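Undergrad: Residue numbers for the sequence shown follow this note's numbering, beginning at 250 and rising by one.
Ideal placement from N, C-alpha and C gives every residue a C-beta, glycine not left out.
What you are looking at is a predicted structure, and each value in this text was computed from that prediction instead of being measured.
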Amino acid sequence: MSAAALAAAFTELGVRPGMVLHVQASLRALGPVAGGAAAVVDALLEVLGEEGTLVAYTATPENSSTSRVHQAAVAGLSAAERAAYEARMPRFDPAATPCSPTMGALSEAVRTRPGAVRSSHPQTSWAAIGLRAEEITARHPLTSHLGPDSPLGRLYELDARVLMLGVQMANFTAFHLADLRQPGVVRREYRCVTADGWTTFRAPDLDDLHFADLGARVLADLPGVTTAPLGGTTARLVPVREAVDLATRLLAA
Numbered sequence: 250m251s252a253a254a255l256a257a258a259f260t261e262l263g264v265r266p267g268m269v270l271h272v273q274a275s276l277r278a279l280g281p282v283a284g285g286a287a288a289v290v291d292a293l294l295e296v297l298g299e300e301g302t303l304v305a306y307t308a309t310p311e312n313s314s315t316s317r318v319h320q321a322a323v324a325g326l327s328a329a330e331r332a333a334y335e336a337r338m339p340r341f342d343p344a345a346t347p348c349s350p351t352m353g354a355l356s357e358a359v360r361t362r363p364g365a366v367r368s369s370h371p372q373t374s375w376a377a378i379g380l381r382a383e384e385i386t387a388r389h390p391l392t393s394h395l396g397p398d399s400p401l402g403r404l405y406e407l408d409a410r411v412l413m414l415g416v417q418m419a420n421f422t423a424f425h426l427a428d429l430r431q432p433g434v435v436r437r438e439y440r441c442v443t444a445d446g447w448t449t450f451r452a453p454d455l456d457d458l459h460f461a462d463l464g465a466r467v468l469a470d471l472p473g474v475t476t477a478p479l480g481g482t483t484a485r486l487v488p489v490r491e492a493v494d495l496a497t498r499l500l501a502a
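1. Quick check: the Cα distance between R485 and A253, rounded to an integer number of angstroms?
2. Since I believe A423 is in contact with A492 (beta carbons under 8 angstroms), could you give me their beta-carbon distance rounded to a whole number of angstroms?
3. Using 8 angstroms as the cut-off, can you tell me whether the region 411-418 makes contact with the region 444-458, which would need three or more C-beta pairs spanning the two stretches below that distance?
4. Apart from the five residues on each side of it in sequence, which residues of its chain come closer than 8 angstroms, Cβ to Cβ, to A345?
5. Please state whether DSSP places R367 in a helix, a strand or coil.
6. Give the straight-line distance between the Cα atoms of Q320 and G280, rounded to the nearest whole angstrom.
7. Between which two residues does the alpha helix (DSSP H) carrying R410 extend?
8. May I have the straight-line CA-CA distance separating L458 from A419, to the nearest angstrom?
9. Can you name the start and end residues of the alpha helix (DSSP H) that F259 belongs to?
10. Among F421, V435, A477 and P432, whose alpha-carbon lies nearest the alpha-carbon of H271?
11. If you follow the alpha helix (DSSP H) that H271 is part of, which residue opens it and which one closes it?
12. Bridge partners of Y405, per DSSP?
13. Using only alpha-carbon positions, find the residue among R367, G267, L303 and S275 that is nearest to L479.
14. Compare the Cα-Cα distances from E261 to each of R403, D408, T373 and T475 and report the closest residue.
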């Protein structure tokens with residue numbers, strides 16, 4: 250596929266100039282693209298135009314000693330081995346630290362795009378390109394990983410769309426906003442390493458294991474979602490605000 254063909258497909262799906270668009274993509278599922286991840290970014294920016302904004306989740310869970318990714322990496326190590334492992338962990342730098350491989354090549358392509366800006370959270374950062382990039386990424390307190398005060402909250406406020414490209418609704422990041430609206434949110438301790446050393450803070454416990462079921466229920470009832478085959482997979486355009494509000498009601502029920 251070419252960037253031009255992708256741009257035409259994104260337009261047909263409903264991506265429009267001036268839109269705030271969060272992209273969650275599996276390029277492996279999409280299939281070969283001439284120019285790779287950079288060409289997909291080219292196509293998206295072409296459709297969004299000068300007034301649009303492209304956003305990607307650029308998390309670094311490997312940077313947190315309390316994340317599931319880190320816990321898996323140190324499983325079985327002795328206390329001394331674990332301390333040595335943590336001493337070698339690179340310090341998070343918003344300008345230079347690559348996003349986790351689990352985020353995918355497209356997120357990294359957005360992060361490294363000239364002109365892209367990134368939020369400062371050492372575990373759950375976001376990168377953005379375009380008119381509203383600074384507005385989306387400027388504020389990201391430690392205690393709001395993926396809450397209303399994070400860039401994800403900005404996407405809700407700005408009535409953004411999510412392009413799910415070869416990615417299932419089990420991974421729909423914005424569902425965390427619905428979770429955090431429920432009563433009895435559990436908080437726990439997090440520990441991340443930054444240029445200033447280790448920092449510890451308390452924030453809501455993030456859990457996405459129920460997102461697959463929630464996503465299926467949301468898709469069954471949510472109007473305004475457009476879906477089309479693209480390459481070797483399916484592309485889906487989902488309105489953030491409507492999806493989060495419906496998920497909130499379903500969880501409450």
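TA: Inspection of the coordinates gives the following:
1. 19 angstroms
2. 6 angstroms
3. no
4. none
5. strand
6. 32 angstroms
7. Element bounds for R410: not the alpha helix (DSSP H) but the beta strand (DSSP E), R410 to L414.
8. 8 angstroms
9. A252 to L262
10. F421
11. Careful: H271 lies outside any alpha helix (DSSP H), inside the beta strand (DSSP E) at V269 to A274.
12. Bridge partners of Y405: none, in fact.
13. S275
14. T475
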